[in-house]
Amino acid sequence: MIDVLIIGSGGAGLTAALNAKKEGAKVLVVSKTYPTHSQTCQAQGGINAVLKETENDSIQKYIEDTYKASHKLGNKEYINYFCSNSENTISWLDSIGVPFSKNIKDNISQRKFGGTKAKRTCYSSDYTGLKILHTLYDQCLKENIEFYNEYQLLNLIIENNKAIGITALDIETSQVKQIKAKTIILATGGYAGLYYGFTTNSYSSTGDGIASALNAGAKISNMEFMQFHPTALENKNILISESARGEGGYLVDNQGNRFIDELKPRDEVARAIYKKYEEGEKVYLDLRHLGLDKINEAMPQERRLVQEFMQLKMEKDLIPINPSAHYSMGGIITDIEAKSSIENLYACGECSQSGIHGANRLGGNSLLEIVTFGKIAGENAAKKAKKVKIIENTDSEQFLIDKNYIEGIFTKDSEIDFYKRKKELGKLLFKNVGLFREEKSMKNSLEKILEWKKELNLIGLNDKSKIFNKNLTDLIEYKNMIELAHTILISALNRQESRGAHFRIDFKDELENYDKNSILFLENDSIHIKLEEIQ
Amino acid sequence: MKIKIKRFDLEKNPHQKTEEFKVTHNETILDSLIEIKTQQDNTLTYRCGCRTGVCGSCAIKVNGVEKLACKTQLNENDLIEAINNSKVLRDLVVDLSHEEKFLKNSKTYLKKQSNEKVTSKDVKLIDVQSNCILCQNCFSSCPVYEVNKEFLGPYALTRALRYVNDKKEANTLDIINSIQDNGVWDCTLCGNCTLVCPQFIDPKTDIMNLRMKSVQAGFEDKSFAQFNQGFDSGFDSGFDTGFNPSGGFNPNGF
Ligand SMILES: Cc1cc2nc3c(=O)[nH]c(=O)nc-3n(C[C@H](O)[C@H](O)[C@H](O)COP(=O)(O)OP(=O)(O)OC[C@H]3O[C@@H](n4cnc5c(N)ncnc54)[C@H](O)[C@@H]3O)c2cc1C
Ligand code: SF4
Ligand code: SF4
Ligand code: FES
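Read top to bottom, the protein sequences are chains B and P. Heads up: the first sequence at position 415 corresponds to 458 in the working numbering, and the numbers run straight through without jumps. Heads up: the second sequence at position 141 corresponds to 134 in the working numbering, and the numbers run straight through without jumps.
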């Protein structure tokens, strides 16, 4: 019997796995990709922490910066824990082998990110996520943690309001499997991938875990808050990390003039850039004054990306950039123990709304989040599992439904080209629920989404092979994307104010009566929304 | 532009067959594959994730040479196929289950933390190796797998060196011990892995370093014995491994 079942093998899932195992639990990690294929590998810039309190920085300042960025939607108690514990979190990563870059005094190097006053971001050159993810994976192999790779979560199995397992598609064979467990942790990553064609995210960041939690009756929260990164390579949406600006890079317009303080919070910088675009201007990242040596030392990967994808050289050329959907602040609402609103169901990482980022996330805070809360989720799920009785491995109703569905879909031809829809969805979200939002276009978009939602059952497969059927996995993802697009629109329409990443041109001010979390939940098959006080 | 893709679906046909497609997207090969899958043929199957060369999921062969689809520009008439040395599951997707085994067998993880102070210089010593994305390009290019499926191979050995050279590791002997059999001495030093690594890692040199460290640690230098063995099996068993110990192996036509 599995004690702790973890869905997702990014930084959050692997940290949870290691910590659950440490508590003596029998752990299984189920993931639709291989661990090292997870999006966490893409994080370049770094991970925040106050390593030592000095006159320049303190835990208190870190708490204040994080809370300020959250625009009053962060939970003070959770942020307090998150920041106070940051040094421990980095020490743990260091102790398992993450090769952090060191400064001349041989301490872990830190760089400055936007929205903060101090150099607080630890890094491993500009491969921070890659090195953290691979180190965690190495440790999981050492601990003999069991993996089911390329298994796609379909649904949670819920009985008497408790999570008792999942159904998943074995991608290699197209078989539906039921996996029961005493406790379950969702660590399936974010949903910025919904902005298909306008995102820095991996193709696999489609919010599946959040959709399945919603469908299982869990509360999800703050779906309207989508962070746009100011600097992605133009039309390619490949990220150039904030470290480029942190190291002293400029943003310039057609005339070569700087037009904004580059180290302002992401939402402000991204909006300023988007405005330029709307005025028919272009915006460039200018790093030429930093010199080749500095560039090579601090951002070798980014230099390579610019060279490979734009055929430009950072030390000589201006680099055209545009804002791109980057990080999703919303997700499954969790408490300080990483518990969701369903018993025995936990969530951590980007799929959770853990009360840290609120309306805006500071760069470097999500890597810290996945490790901090990955640990909490792993430990608590393992402790809880000790109190849960063994669950019978009889076929659940959910399993039978999903099995029938998947078998049925192989006989169904498609009346709708959902690949085309997916592209349209990305464009629609970026345009109408992007950096600037207003009621009319969002209402139109909502109608469109509802139309597409109705059409879902007209979609079948053109690929009928049972072996590694990516047409099928793409379809399942598309369904989740439509479900979540619906929740984004409802939430963005409901919040008639501007706050952090959510900017409404028809309600430009931040309003006190919205100092609340958006909460969405399913009741009688329809999605409901309410605003809840921050605890 | 035209692109040729070697297709495979066991359900339909036990043999690979090459198909030709016309694409308008001619930026990266991954863009072309996506265009084909989403607009022309929903059955085309490949892996991809980050599209920026860091997740390592999109390794393929282009005209016989290992590449990352997301970082490689398409040229007219390019032939795209799955990487070598692994069972093709479908089209460009191969079985990757060996990865866990190789890494576990080479004990590539921090086992026992030392108390030594790690300096910035120490970190630089393992910087390149720890940039490995486990894309499998080197694995695919390696001729040794054709004769020895148990060979730990380039990425596992590079990763072994990453931990052997890590000042934080107090028990490097354990790793060195685990890479003696089917490990450092089985490599033919052909250098293919080095040529195809998208992260500019040099597994061949890493393996030579590990050999040196092995000898220093008191292990027997088996390179000469291995050389003879490779030579013998190549002839005695009567099948051509493509390996010519005096001429150097060159499957990709570099
Ligand atoms: C380009 C880029 C740069 C970034 N840079 C930074 C940075 O410098 N600093 C920082 O703090 N943050 C950064 N971030 C954000 C940060 O990387 C992510 O928030 C974080 O890695 C998320 O980790 P995770 O473990 O929650 O999810 P992920 O790493 O996305 O992992 C999700 C896992 O869930 C699995 N999964 C998903 N759906 C299913 C399903 N249906 N069934 C089974 N498994 C499933 C996936 O296969 C994957 O294994 C960056 C993000 C991007 C895209
Ligand atoms: S060593 Fe290079 S080629 Fe081999 S897996 Fe690592 S990154 Fe890929
Ligand atoms: S150098 Fe060694 S490891 Fe690399 S491809 Fe050749 S035989 Fe394989
Ligand atoms: S898609 Fe990630 S390396 Fe190519």
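Glycine included, every Cβ here is placed at the ideal spot set by N, Cα and C.
Separation of residue j from residue i, as counted between CA atoms
i	j	result
threonine 165(P)	tyrosine 156(P)	7 Å
glycine 231(P)	valine 140(P)	The predicted model places glycine 231(P) with a pLDDT of 37, which falls under 50 and marks its position as unreliable; any figure quoted below should be read in that light. Their backbone Cα atoms lie some 12 Å apart in a straight line.
lysine 470(B)	lysine 319(B)	19 Å
leucine 229(B)	lysine 418(B)	13 Å
asparagine 252(B)	tyrosine 448(B)	Per the sequence shown, the amino acid found at residue 252(B) is glycine instead of asparagine. Looking at the two C-alpha atoms, the distance is approximately 19 Å.
asparagine 99(B)	glutamate 107(B)	14 Å
lysine 430(B)	isoleucine 222(B)	19 Å
lysine 359(B)	glycine 88(B)	22 Å
glycine 227(P)	valine 137(P)	A caution first: glycine 227(P) carries a pLDDT of 40, below 50, which makes its placement in the model too unreliable to give a value.
isoleucine 49(B)	serine 216(P)	44 Å
serine 134(B)	glycine 176(P)	33 Å
lysine 474(B)	isoleucine 316(B)	15 Å
glutamate 540(B)	isoleucine 548(B)	9 Å
proline 142(B)	threonine 530(B)	40 Å
aspartate 24(P)	glycine 240(B)	12 Å
lysine 80(P)	tyrosine 77(B)	17 Å
alanine 66(B)	leucine 333(B)	In the sequence under discussion, the amino acid at residue 66(B) is glutamate, which differs from the alanine named in the question. The alpha-carbon atoms of glutamate 66(B) and leucine 333(B) are separated by roughly 48 Å.
glutamate 380(B)	valine 111(P)	34 Å
tyrosine 121(B)	glutamate 412(B)	11 Å
asparagine 514(B)	isoleucine 459(B)	13 Å
lysine 60(P)	lysine 486(B)	45 Å
leucine 276(B)	methionine 205(P)	44 Å
threonine 65(P)	tyrosine 105(B)	42 Å
Same chain only: Cβ atoms within 8 Å of residue i, ignoring 5 sequence neighbours per side
i	result
threonine 101(P)	Ala149, Arg152, Ala153, Arg155, Tyr156 and Ile168
serine 113(P)	none
threonine 216(B)	Lys509 and Ile510
Assigned exposure category for residue i - 16 Cβ within 10 Å defines buried
i	result
alanine 210(P)	exposed
threonine 58(B)	buried
leucine 443(B)	exposed
asparagine 124(P)	buried
aspartate 71(P)	buried
threonine 226(B)	buried
lysine 551(B)	exposed
aspartate 310(B)	buried
isoleucine 433(B)	exposed
aspartate 225(P)	Reliability fails at aspartate 225(P), whose pLDDT of 45 lies under 50, so the model's placement of it is uncertain and no value is given.
glutamine 344(B)	buried
isoleucine 519(B)	buried
glutamine 578(B)	exposed
Cut-off 7 Å between Cβ atoms - residues of its own chain near residue i, not counting five sequence neighbours on either side
i	result
isoleucine 102(B)	Val93, Glu96, Cys126 and Ser127
alanine 287(B)	Thr274, Leu328, Leu330, Met342 and Glu345
Minimum C-alpha distance to residue i - residue among the options
i	options	result
lysine 455(B)	Ile525(B), Asn567(B) and Asp506(B)	Asp506(B)
serine 50(P)	Asn560(B), Lys115(B) and Ser245(B)	Ser245(B)
asparagine 387(B)	Thr415(B), Arg346(B), Ala256(B) and Glu490(B)	Ala256(B)
alanine 163(P)	Leu103(P), Asn68(P), Glu143(P) and Phe193(P)	Leu103(P)
alanine 86(B)	Tyr370(B), Gly250(B), Ile303(B) and Gln182(B)	Tyr370(B)
histidine 114(B)	Gly208(B), Leu71(B), Gly158(B) and Gln153(B)	Gly158(B)
glutamate 467(B)	Glu481(B), Trp495(B), Tyr105(B) and Leu478(B)	Trp495(B)
glycine 236(B)	Asp517(B), Ile200(B) and Leu212(B)	Asp517(B)
lysine 465(B)	Asp445(B), Lys491(B) and Arg480(B)	Lys491(B)
valine 295(B)	Lys69(B), His545(B), Val312(B) and Ser81(B)	Val312(B)
Contacts around residue i, its chain only, beta-carbon distance under 6 Å, and the 5 residues preceding and following it disregarded
i	result
glutamate 393(B)	Gly232 and Gly233
cysteine 180(P)	Ile200
threonine 83(B)	Gly53, Gly54, Gly172 and Leu176
alanine 390(B)	Leu229, Ile375, Thr377 and Ser383
key: Against chain P: residues of the segment 75 to 91 of chain B by CB proximity under 8 Å   = Hits within the stretch, in order: Thr76, Tyr77, Thr79, His80, Ser81, Gln82, Cys84 and Gln85.
query = What residues from the segment 148 to 174 of chain P come within 9 Å of chain D, judged by C-beta to C-beta, listed N to C?
reply = Chain labels in this structure do not include chain D; the protein chains are B and P.
ask   = What residues in the segment 455 to 467 of chain B have a beta carbon less than 7 Å from any beta carbon of chain P?
value = From the segment 455 to 467 of chain B, only Tyr462 have a Cβ closer than 7 Å to chain P.
request  = Pull out every residue of the segment 351 to 375 of chain B whose Cβ sits closer than 9 Å to any Cβ of chain P, in chain order.
outcome  = Per Cβ criterion, the list reads Glu351 and Phe352.
task = Note down, in chain order, all residues in the segment 123 to 140 of chain P with a beta-carbon under 8 Å from any beta-carbon belonging to chain B.
result = Considering only beta carbons, the part of the segment 123 to 140 of chain P lying closer than 8 Å to chain B consists of Ser123, Asn124, Cys125, Ile126 and Leu127, in chain order.
ask   = At a Cβ cut of 9 Å, what residues of the segment 306 to 318 of chain B count as close to chain P, listed as they run along the chain?
value = Identification of residues in the segment 306 to 318 of chain B having a C-beta nearer than 9 Å to some C-beta of chain P yields an empty set.
task = Mind checking the segment 233 to 249 of chain B against chain P and listing, in chain order, the residues whose C-beta falls within less than 8 Å of any C-beta there?
result = Among the residues of the segment 233 to 249 of chain B, those with a Cβ less than 8 Å away from any Cβ of chain P are Ser245, Tyr246 and Ser247, in the order of the chain.
task = Taking only beta carbons into account, state which residues of the segment 45 to 77 of chain P come closer than 8 Å to chain B, listed in chain order.
result = Answer set for the segment 45 to 77 of chain P: Thr45, Gly46, Val47, Cys48, Gly49, Ser50 and Lys64.
query = Any residues whose CB sits closer than 7 Å to a heavy atom of ligand 6? List them in chain order?
reply = What this structure holds is ligand 1, ligand 2, ligand 3 and ligand 4, not ligand 6.
inquiry  = Give me the subset of the segment 510 to 533 of chain B whose CB atoms are less than 9 Å from a CB atom of chain P, sorted by chain position.
reply    = Result list: Ile510, Phe511, Asn512, Lys513, Asn514 and Asp517.
request  = Please list the residues of the segment 77 to 101 of chain P that have a C-beta atom closer than 9 Å to any C-beta atom in chain B, keeping them in chain order.
outcome  = Of all residues in the segment 77 to 101 of chain P, Leu82, Arg83, Asp84, Val86, Asp88, Leu89, Ser90, Glu92, Glu93, Leu96, Lys97, Lys100 and Thr101 have a Cβ within less than 9 Å of some Cβ in chain B.
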